[in-house]
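Numbering (the working numbering), first residue to last: 37 to 276.
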């Protein structure tokens with residue numbers, strides 16, 4: 037007698053389902069690889085080529101969310117700024133946004149210069165990523181130091197003409213040039229910070245629109261400044 041093979045061949049419907057699932061799995065893996073490549077593939081950032089009006093619009097939103105201590109939206113704003121205007125990859129844009137927003141959070145919670153230094157590593161990482169993706173050969177530690185310095189001066193009630201100097205010097209370190217346009221950009225931004233501080237919690241929609249308009253002027257000066265090199269003396273005491 038011959039042994040009887042009791043195994044059953046899969047039905048046509050079962051074979052079809054298996055093939056369909058295999059195709060779905062392969063497609064999902066392929067899509068995941070594409071998404072990862074899109075998110076993490078290195079891209080060269082464009083530090084000197086940006087739309088000043090769009091930068092000002094996003095920047096004004098970031099200011100508002102900073103003062104409201106809405107760090108999630110602040111991260112989103114900075115992500116959009118890096119993604120749309122710098123052209124950094126999604127992953128790098130998220131890194132930049134998170135480092136900057138976390139530095140702001142650490143600083144806002146500090147009560148002294150010594151405590152505020154805890155924000156410095158995040159600022160250094162923030163600028164380090166920008167240097168990596170842009171290829172700009174600037175001193176990240178110096179840029180971070182100047183950034184934190186003008187934050188400190190603002191909190192210590194220095195006048196806008198004072199903290200505009202380290203702001204301008206920070207931009208000069210980042211872009212490797214210093215001129216009247218960069219100086220004016222920093223001065224306009226500093227005046228708007230003081231203007232907002234004077235209003236505190238009484239800011240209205242019209243007030244924020246005014247800030248956006250002035251930030252637009254500041255950003256136009258910045259773009260003009262980084263695309264030319266009309267050298268002048270750097271801010272006193274804050275040599276880039």
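Ideal Cβ placement from N, Cα and C applies to all residues, glycine included.
Collapsing the DSSP output to three states places residue 171 in coil. From the listed residues 141, 116 and 139, the smallest Cα separation to residue 129 is found for 116. Per the Cβ contact rule, the region 240-255 is in contact with the region 91-100 (3 or more Cβ pairs under 8 Å). By the beta-carbon neighbour count (other beta carbons within 10 angstroms, threshold 16), residue 235 is exposed. The beta carbon of residue 206 sits closer than 6 Å to the beta carbons of 179, 182 and 183 from its chain, once the five residues preceding and following it are set aside; these are given in chain order. Residue 83 sits close to residue 122, with the two beta carbons spaced by under 9 Å. Within a 10 Å sphere around the beta-carbon of residue 133 sit 16 or more other beta-carbons, which makes this residue buried.
From the listed residues 188, 177 and 164, the smallest Cα separation to residue 150 is found for 188. Taking C-alpha positions only, residue 240 is separated from residue 195 by approximately 23 Å. In this structure, residue 190 places its C-beta atom within 9 Å of the C-beta atom of residue 229.
CA-to-CA, the gap between residue 163 and residue 231 works out to about 27 Å. For residue 263, the CB contacts under 7 Å within the same chain, skipping 5 residues up- and downstream, are 84 in chain order. Residue range 126-145 is occupied by the alpha helix (DSSP H) that includes residue 145. Rounded to the nearest angstrom, the gap between the Cα atoms of residue 197 and residue 120 is 31 Å.
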